[in-house]
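All residue numbers for the sequence shown refer to our numbering, where the first residue is 22 and numbers rise by one.
Note that the Cβ used here is the ideal one computed from N, Cα and C, for glycine as well.
Note sheet for the following structure.
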Amino acid sequence: MYLNYFGLNDNPFSIAPNPDYLYMSPRHKEALAHLTFGLRESGGFVMLTGEVGTGKTTVSRKLLQQLPENTQVAIILNPTLSALELLATVCDELGIQYNASKASLKYFTDCILSKLAQNHQAGTNTVLMIDEAQHLMPEVLEQLRLLTNLETNREKLLKVVLIGQPELQQLLKRNELRQLAQRITARYHLLPLTPPEVRAYVAHRLSVANGDISIFSQSTLRAIHQITGGIPRVINLLCDRALTLSFTKQHAVVKKPIFLAAAEQILGGDVVSQRIQNQRKALMSTVFVVAIGVGFAVGRWYV
Numbered sequence: 022m023y024l025n026y027f028g029l030n031d032n033p034f035s036i037a038p039n040p041d042y043l044y045m046s047p048r049h050k051e052a053l054a055h056l057t058f059g060l061r062e063s064g065g066f067v068m069l070t071g072e073v074g075t076g077k078t079t080v081s082r083k084l085l086q087q088l089p090e091n092t093q094v095a096i097i098l099n100p101t102l103s104a105l106e107l108l109a110t111v112c113d114e115l116g117i118q119y120n121a122s123k124a125s126l127k128y129f130t131d132c133i134l135s136k137l138a139q140n141h142q143a144g145t146n147t148v149l150m151i152d153e154a155q156h157l158m159p160e161v162l163e164q165l166r167l168l169t170n171l172e173t174n175r176e177k178l179l180k181v182v183l184i185g186q187p188e189l190q191q192l193l194k195r196n197e198l199r200q201l202a203q204r205i206t207a208r209y210h211l212l213p214l215t216p217p218e219v220r221a222y223v224a225h226r227l228s229v230a231n232g233d234i235s236i237f238s239q240s241t242l243r244a245i246h247q248i249t250g251g252i253p254r255v256i257n258l259l260c261d262r263a264l265t266l267s268f269t270k271q272h273a274v275v276k277k278p279i280f281l282a283a284a285e286q287i288l289g290g291d292v293v294s295q296r297i298q299n300q301r302k303a304l305m306s307t308v309f310v311v312a313i314g315v316g317f318a319v320g321r322w323y324v
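Structure, rendered in C-alpha cells:
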C-alpha cells in the first residue's frame with residue numbers, strides 16, 4: 022500500500038523470514054559463534070535461548086547455512102511429542118526406513134543408532150535441531166541424551182541443537198536432567214537489540230528495500246526501542262503499521278505520534294502507556310544517580 026509513496030521496491034518490515042533482510046547484530050553474531058564452536062566440540066548438545074521474537078530462528082538458519090556439506094540435518098519444529106513419536110520423527114527426518122508395526126523405543130533407537138554409525142563410516146556428520154525445545158517433556162529429553170551415547174574416541178556421532186524460550190533453561194535445571202545439562206558444550210541467551218542496534222536494524226531493512234532511514238524521524242527512532250524493547254519481530258510489526266498510517270495521512274516522514282498510534286493498534290494502549298512510564302522512571306532514576314554523583318564530587322572539591 023505504501024511502497025510507491027515512500028519509494029520502496031519491497032515491504033521492508035514483513036515478518037516473513039526473507040534471507041535478503043537478514044540482519045546479524047553483534048549479539049546474533051556472538052550467538053552464532055557460540056553454537057558453531059559447540060558443534061565442533063566433542064559434546065552432544067548446544068543450546069540457544071531467548072525471548073519470543075529476538076531472532077533465534079535467524080541465528081538457526083544462518084547456522085544451517087554454515088554447516089559443512091557433509092552434514093545431514095534433521096529438524097523438528099513441533100516438539101510436543103512423546104518419546105516414541107520423537108524417535109519416529111527423527112527416523113523420518115533422517116530418511117530411515119522402518120516397520121511401523123514394530124514401533125517401540127528400542128526398535129526406533131536401534132534404527133537411529135545404525136544410521137548414525139553408517140553416516141560416520143561415510144564421513145557424514147549428523148545434526149538434530151529442535152525448535153521450541155521448551156515444550157519437550159523430561160522423558161523425551163532423556164531419550165535424546167541416550168541417543169548421544171553413541172560416540173567414537175573423539176566425538177559424539179549425533180549433535181543436538183536445542184532452541185527455545187527462557188523456560189528451557191529452567192527445564193534443564195531439573196534434577197533428573199542433570200546428566201543432559203552437563204553435556205551442553207555451548208549455550209547462549211539472545212538478548213533484545215540495544216538502541217544503536219535498533220537504529221542499524223531499521224536502516225538495514227530499509228536499505229534492502231531501496232529506502233532510507235530518514236523516512237523515520239529521530240524521535241520516532243528513539244521511540245521504536247522504547248516501545249518494542251528491541252524485539253525484532255515487534256519492530257517489524259509496528260514499523261509496518263506506522264508506515265501505513267503515515268501513508269494514509271500523506272506524511273512524508275513517520276513522526277513519533279503516528280508511531281505511537283500504530284503501537285497502540287498493535288499492542289494496546291495500556292501496554293504502550295506502561296512502557297512509556299517505565300522509560301520515564303528509568304530516566305528519572307538515571308538523572309537522580311548522576312545528580313548524587315555530581316553533588317558528591319563538588320562537595321569533595323570544596324572540602
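In this structure, the CA atom of SER135 is about 49 Å from the CA atom of LEU259. In the structure shown, TYR26 falls within a coil segment according to DSSP collapsed to helix, strand and coil. Here GLN155 is near GLU188, since their CB atoms are less than 7 Å apart. Taken atom to atom, the span from the alpha-carbon of ILE36 to that of LYS123 is near 43 Å. Taking 7 Å as the cut-off, the Cβ atoms of LEU149 and ALA95 count as close. A check of alpha carbon separations from ASP152 across GLU90, THR70, ARG254 and ARG262 identifies THR70 as the nearest. Only buried fits LEU84, as 16 or more other CB atoms lie within 10 angstroms of its CB. Assignment of GLU285 by DSSP, reduced to helix, strand and coil, places it in the helix class. ILE205 is a Cβ neighbour of PHE66, given a cutoff of 7 Å.
Boundaries of the alpha helix (DSSP H) around ALA138: 126-142. The three-state secondary structure of LYS194, taken from DSSP, is coil.
Between TYR222 and TYR23, the C-beta gap is not smaller than 7 Å, which leaves the two residues out of contact.
As DSSP reads the structure, MET45 sits in no beta bridge.
Between the alpha carbons of GLN247 and GLN286 lies a gap of roughly 16 Å. The Cβ atoms of SER81 and ILE184 lie closer than 7 Å to each other.
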